[in-house]
Amino acid sequence: MSIPTQQEITTMLLGPSGAGKSRTANNLLGNTVFSVGNGYTPITIKCKSRTGERFGTQLNVIDTPGIWGEEKEKKVLLDEIKNGLQKSNEGPLVFLLVTEMRRAVDVHKIFLRYQCLFGKNMFKYAIVLFTNLDVWKERYIDDIGIDPDEHQYIKSLPDEAMQLLRKCENRYVLFDNKCTGDKMEKQLRNLVNEITQLIALNKDEVFKEERIDEKSDVPRRQDIDWKINVGTIAGIGTIAGIGTIAGLILSKFL
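For the sequence shown, UniProt numbering gives the first residue as 1, with consecutive numbering after it.
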(Lines of atoms letter the chains of each structure in order from A and count residues from 1; the text may use other names and numbers.)
(Lines give C-alpha, C1' and ligand atoms only; values in the text may rest on other atoms or scores of the structure.)
Protein backbone atom coordinates (compact mmCIF):
# COMPACT_ATOMS: atom_id res chain seq x y z
CA MET A 1 0.00 0.00 0.00
CA SER A 2 1.36 3.42 -0.92
CA ILE A 3 1.91 6.00 1.79
CA PRO A 4 -0.50 8.93 1.21
CA THR A 5 1.19 12.31 1.38
CA GLN A 6 -0.20 15.82 1.21
CA GLN A 7 2.94 17.06 -0.53
CA GLU A 8 3.25 16.94 -4.28
CA ILE A 9 6.03 14.57 -5.32
CA THR A 10 8.01 15.50 -8.41
CA THR A 11 8.82 12.36 -10.40
CA MET A 12 11.35 12.92 -13.20
CA LEU A 13 11.81 10.14 -15.75
CA LEU A 14 15.32 9.83 -17.19
CA GLY A 15 16.68 7.38 -19.74
CA PRO A 16 17.55 6.71 -23.39
CA SER A 17 15.18 7.24 -26.31
CA GLY A 18 12.74 4.36 -26.72
CA ALA A 19 13.05 3.17 -23.11
CA GLY A 20 9.39 3.83 -22.35
CA LYS A 21 9.60 7.07 -20.36
CA SER A 22 6.57 8.75 -21.96
CA ARG A 23 4.42 5.61 -21.83
CA THR A 24 5.32 5.11 -18.16
CA ALA A 25 4.52 8.76 -17.42
CA ASN A 26 1.09 8.36 -19.04
CA ASN A 27 0.38 5.23 -17.02
CA LEU A 28 1.44 6.97 -13.82
CA LEU A 29 -1.06 9.77 -14.47
CA GLY A 30 -3.77 7.51 -15.87
CA ASN A 31 -4.10 9.65 -19.01
CA THR A 32 -2.41 9.97 -22.40
CA VAL A 33 -0.83 13.39 -21.89
CA PHE A 34 2.66 12.73 -23.32
CA SER A 35 3.35 11.78 -26.95
CA VAL A 36 4.56 8.19 -27.37
CA GLY A 37 6.70 6.94 -30.25
CA ASN A 38 6.59 3.52 -31.89
CA GLY A 39 10.30 2.84 -31.90
CA TYR A 40 13.70 4.36 -31.14
CA THR A 41 13.19 7.55 -33.16
CA PRO A 42 13.10 10.35 -30.55
CA ILE A 43 9.66 11.91 -30.06
CA THR A 44 10.22 13.94 -26.89
CA ILE A 45 12.65 16.84 -27.42
CA LYS A 46 11.48 19.14 -24.60
CA CYS A 47 10.75 18.49 -20.94
CA LYS A 48 7.03 18.43 -20.21
CA SER A 49 5.31 18.15 -16.85
CA ARG A 50 1.78 17.26 -15.81
CA THR A 51 0.21 16.72 -12.41
CA GLY A 52 -2.29 14.17 -11.18
CA GLU A 53 -3.29 12.05 -8.21
CA ARG A 54 -2.61 8.34 -7.92
CA PHE A 55 -3.66 6.22 -4.93
CA GLY A 56 -3.82 9.22 -2.62
CA THR A 57 -0.49 10.64 -3.78
CA GLN A 58 -0.20 13.91 -5.71
CA LEU A 59 2.39 13.58 -8.47
CA ASN A 60 4.12 16.12 -10.68
CA VAL A 61 5.44 13.93 -13.50
CA ILE A 62 8.24 15.29 -15.72
CA ASP A 63 8.86 13.54 -19.04
CA THR A 64 12.32 14.21 -20.50
CA PRO A 65 14.01 13.71 -23.87
CA GLY A 66 16.48 10.89 -24.40
CA ILE A 67 20.11 11.79 -25.04
CA TRP A 68 21.05 11.16 -28.66
CA GLY A 69 22.83 12.62 -31.68
CA GLU A 70 26.19 14.35 -31.90
CA GLU A 71 27.93 15.77 -28.83
CA LYS A 72 26.54 19.26 -29.48
CA GLU A 73 22.99 17.90 -29.68
CA LYS A 74 23.49 15.87 -26.50
CA LYS A 75 24.60 18.98 -24.62
CA VAL A 76 21.45 20.85 -25.71
CA LEU A 77 19.28 17.96 -24.50
CA LEU A 78 21.12 17.72 -21.18
CA ASP A 79 20.70 21.46 -20.63
CA GLU A 80 16.99 21.08 -21.40
CA ILE A 81 16.68 18.32 -18.78
CA LYS A 82 18.50 20.35 -16.15
CA ASN A 83 16.31 23.40 -16.84
CA GLY A 84 13.23 21.17 -16.70
CA LEU A 85 14.03 20.19 -13.13
CA GLN A 86 14.89 23.74 -12.09
CA LYS A 87 11.47 24.92 -13.29
CA SER A 88 9.63 22.30 -11.25
CA ASN A 89 8.01 23.03 -7.92
CA GLU A 90 10.37 22.77 -4.98
CA GLY A 91 9.57 19.74 -2.87
CA PRO A 92 10.16 15.97 -2.58
CA LEU A 93 11.73 14.45 -5.70
CA VAL A 94 12.26 11.00 -7.14
CA PHE A 95 14.26 10.19 -10.27
CA LEU A 96 12.96 7.19 -12.23
CA LEU A 97 15.93 5.83 -14.21
CA VAL A 98 14.14 4.12 -17.09
CA THR A 99 15.72 1.45 -19.27
CA GLU A 100 14.41 -1.44 -21.34
CA MET A 101 15.22 -4.85 -19.93
CA ARG A 102 16.74 -5.93 -23.24
CA ARG A 103 18.97 -2.83 -23.44
CA ALA A 104 20.17 -2.71 -19.84
CA VAL A 105 23.67 -4.07 -20.41
CA ASP A 106 25.22 -0.62 -20.89
CA VAL A 107 22.84 1.18 -18.54
CA HIS A 108 25.61 2.30 -16.17
CA LYS A 109 27.34 4.38 -18.86
CA ILE A 110 24.03 5.93 -19.91
CA PHE A 111 23.22 7.19 -16.43
CA LEU A 112 26.71 8.56 -15.85
CA ARG A 113 25.51 11.37 -18.11
CA TYR A 114 22.89 12.31 -15.57
CA GLN A 115 25.41 12.02 -12.76
CA CYS A 116 27.48 14.62 -14.59
CA LEU A 117 24.37 16.80 -14.71
CA PHE A 118 23.02 16.50 -11.16
CA GLY A 119 25.89 15.03 -9.13
CA LYS A 120 26.29 11.60 -7.57
CA ASN A 121 23.88 12.53 -4.77
CA MET A 122 21.04 12.05 -7.28
CA PHE A 123 21.13 8.29 -6.75
CA LYS A 124 19.91 8.77 -3.18
CA TYR A 125 16.64 9.89 -4.78
CA ALA A 126 16.54 7.33 -7.61
CA ILE A 127 14.72 4.12 -8.51
CA VAL A 128 15.71 2.03 -11.55
CA LEU A 129 12.68 1.14 -13.67
CA PHE A 130 13.18 -1.76 -16.09
CA THR A 131 10.50 -1.62 -18.81
CA ASN A 132 9.30 -4.12 -21.44
CA LEU A 133 8.92 -6.92 -18.93
CA ASP A 134 6.38 -8.55 -21.26
CA VAL A 135 8.80 -8.61 -24.22
CA TRP A 136 11.61 -10.03 -22.09
CA LYS A 137 9.39 -12.79 -20.70
CA GLU A 138 8.16 -13.77 -24.18
CA ARG A 139 11.70 -14.00 -25.54
CA TYR A 140 12.92 -15.89 -22.49
CA ILE A 141 10.16 -18.47 -22.93
CA ASP A 142 10.94 -18.76 -26.65
CA ASP A 143 14.67 -19.25 -25.96
CA ILE A 144 14.60 -21.34 -22.78
CA GLY A 145 11.14 -22.87 -22.87
CA ILE A 146 10.12 -22.07 -19.30
CA ASP A 147 8.36 -19.18 -17.54
CA PRO A 148 11.16 -17.12 -15.97
CA ASP A 149 11.60 -15.91 -12.43
CA GLU A 150 11.50 -12.17 -13.16
CA HIS A 151 14.07 -11.30 -10.53
CA GLN A 152 16.48 -13.81 -12.01
CA TYR A 153 16.97 -11.14 -14.67
CA ILE A 154 18.60 -8.86 -12.10
CA LYS A 155 21.01 -11.60 -11.09
CA SER A 156 22.02 -12.01 -14.74
CA LEU A 157 23.02 -8.35 -15.23
CA PRO A 158 26.73 -7.56 -15.79
CA ASP A 159 28.80 -5.83 -13.12
CA GLU A 160 28.43 -2.32 -14.59
CA ALA A 161 24.63 -2.50 -14.49
CA MET A 162 24.79 -3.88 -10.96
CA GLN A 163 26.93 -0.87 -9.99
CA LEU A 164 24.00 1.38 -10.91
CA LEU A 165 21.64 -0.67 -8.76
CA ARG A 166 24.04 -0.51 -5.84
CA LYS A 167 24.22 3.29 -6.19
CA CYS A 168 20.43 3.28 -5.87
CA GLU A 169 20.67 0.90 -2.88
CA ASN A 170 19.11 -1.86 -5.02
CA ARG A 171 15.85 0.00 -5.57
CA TYR A 172 14.27 -1.24 -8.79
CA VAL A 173 10.91 -2.07 -10.36
CA LEU A 174 10.19 -4.38 -13.29
CA PHE A 175 7.40 -2.89 -15.39
CA ASP A 176 5.08 -3.93 -18.22
CA ASN A 177 3.72 -0.80 -19.93
CA LYS A 178 1.29 -2.74 -22.16
CA CYS A 179 -0.72 -4.71 -19.61
CA THR A 180 -4.19 -3.50 -18.65
CA GLY A 181 -6.85 -3.80 -15.98
CA ASP A 182 -6.05 -5.23 -12.58
CA LYS A 183 -2.53 -6.20 -13.62
CA MET A 184 -1.67 -2.61 -14.56
CA GLU A 185 -3.29 -1.25 -11.41
CA LYS A 186 -1.29 -3.68 -9.25
CA GLN A 187 2.06 -2.73 -10.73
CA LEU A 188 1.22 1.00 -10.65
CA ARG A 189 0.37 0.70 -6.95
CA ASN A 190 3.70 -1.01 -6.45
CA LEU A 191 5.55 1.76 -8.31
CA VAL A 192 3.79 4.57 -6.42
CA ASN A 193 4.50 2.70 -3.19
CA GLU A 194 8.21 2.57 -4.05
CA ILE A 195 8.14 6.30 -4.78
CA THR A 196 6.43 7.25 -1.53
CA GLN A 197 8.62 4.91 0.52
CA LEU A 198 11.73 6.56 -0.92
CA ILE A 199 10.34 9.99 -0.03
CA ALA A 200 9.72 8.75 3.51
CA LEU A 201 13.24 7.27 3.68
CA ASN A 202 14.68 10.66 2.69
CA LYS A 203 12.41 12.34 5.25
CA ASP A 204 10.76 14.56 2.62
CA GLU A 205 14.00 16.47 2.13
CA VAL A 206 14.39 18.51 -1.04
CA PHE A 207 16.95 17.37 -3.60
CA LYS A 208 19.77 19.85 -4.10
CA GLU A 209 22.09 19.69 -7.08
CA GLU A 210 25.78 19.34 -6.31
CA ARG A 211 28.20 21.91 -7.62
CA ILE A 212 30.33 20.01 -10.11
CA ASP A 213 33.78 21.35 -10.93
CA GLU A 214 37.13 20.03 -12.07
CA LYS A 215 38.03 18.81 -8.58
CA SER A 216 34.89 16.70 -8.34
CA ASP A 217 35.15 12.94 -8.60
CA VAL A 218 32.24 12.97 -11.03
CA PRO A 219 33.58 12.07 -14.52
CA ARG A 220 33.55 14.77 -17.15
CA ARG A 221 31.09 14.29 -20.00
CA GLN A 222 33.84 14.00 -22.59
CA ASP A 223 35.55 11.29 -20.54
CA ILE A 224 32.58 8.92 -20.71
CA ASP A 225 32.89 6.27 -23.40
CA TRP A 226 29.56 6.12 -25.19
CA LYS A 227 30.51 3.37 -27.62
CA ILE A 228 29.01 0.03 -26.61
CA ASN A 229 31.56 -2.75 -26.37
CA VAL A 230 30.86 -5.34 -29.06
CA GLY A 231 31.66 -8.18 -26.71
CA THR A 232 29.21 -6.85 -24.16
CA ILE A 233 26.47 -6.48 -26.75
CA ALA A 234 27.03 -10.05 -27.88
CA GLY A 235 26.38 -11.07 -24.30
CA ILE A 236 22.87 -9.63 -24.43
CA GLY A 237 21.80 -12.68 -26.39
CA THR A 238 22.06 -14.79 -23.26
CA ILE A 239 20.11 -12.30 -21.19
CA ALA A 240 17.51 -10.90 -23.52
CA GLY A 241 17.57 -12.82 -26.77
CA ILE A 242 18.91 -10.18 -29.17
CA GLY A 243 22.06 -10.32 -31.20
CA THR A 244 25.13 -8.26 -31.82
CA ILE A 245 23.90 -6.53 -34.97
CA ALA A 246 20.65 -5.32 -33.39
CA GLY A 247 22.57 -3.98 -30.42
CA LEU A 248 24.97 -2.03 -32.61
CA ILE A 249 22.08 -0.47 -34.53
CA LEU A 250 20.51 0.71 -31.27
CA SER A 251 23.79 2.02 -29.86
CA LYS A 252 23.64 5.28 -31.81
CA PHE A 253 20.70 6.37 -29.65
CA LEU A 254 22.51 5.82 -26.34
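Yeah, the Cβ is synthetic: ideal placement off N, Cα and C, and Gly gets one too.
In this structure, the straight-line span from the alpha carbon of residue 55 to that of residue 165 is close to 26 angstroms. Between the region 170-183 and the region 130-145, the count of Cβ pairs shorter than 8 angstroms is three or higher; the stretches touch.
The residue among 202, 153 and 152 with its C-alpha nearest the C-alpha of residue 9 is 202. By a beta-carbon distance limit of 8 angstroms, residue 76 does not contact residue 11. Their separation comes to about 24 angstroms.
Going by C-alpha positions, residue 207 is about 8 angstroms away from residue 91. Your pair residue 19 and residue 98 checks out as a contact, with CB atoms roughly 5 angstroms apart and the cut at 8 angstroms.
Looking from the CA of residue 192, the closest CA among 57, 36, 16 and 14 belongs to 57.
Taking each of 49, 147 and 188 in turn and checking the Cα distance to residue 85, the smallest one comes out for 49. In this chain, the beta strand (DSSP E) harbouring residue 129 covers 126-131.
Taking residue 150 as the centre and dropping the five residues before and after it, the same chain places the C-beta of 174 closer than 6 angstroms to its C-beta, in chain order.
Of the candidates 46, 52, 120 and 178, 46 places its Cα closest to the Cα of residue 64. Cβ contact annotation for residue 178 (same chain, cutoff 6 angstroms, sequence separation greater than five): 134, in chain order. Shown here, residue 70 sits in coil according to DSSP, grouped into three states, outside any helix or strand.
Judged by DSSP secondary structure, residue 24 falls outside any beta strand (DSSP E) and instead within the alpha helix (DSSP H) spanning 21-29. Rounded to the nearest angstrom, the Cβ distance from residue 66 to residue 29 is 20 angstroms, too far for a contact under 8 angstroms. DSSP, read as helix, strand or coil, puts residue 207 in coil. Less than 8 angstroms divides the Cβ of residue 123 from the Cβ of residue 168. For residue 157, the closest alpha carbon among the candidates 94, 37, 81 and 101 is that of 101. Pairing residue 110 with residue 81, the inter-Cα distance amounts to about 14 angstroms. Minimum Cα-Cα distance from residue 14 among the listed residues 210, 114, 42 and 79 corresponds to 114. In this structure residue 43 is in contact with residue 36, their Cβ atoms being roughly 7 angstroms apart against a cut-off of 8 angstroms. Going by beta carbons, residue 107 and residue 195 fall outside the 8 angstroms limit.
Residue 210 is not a Cβ neighbour of residue 89, given a cutoff of 8 angstroms.
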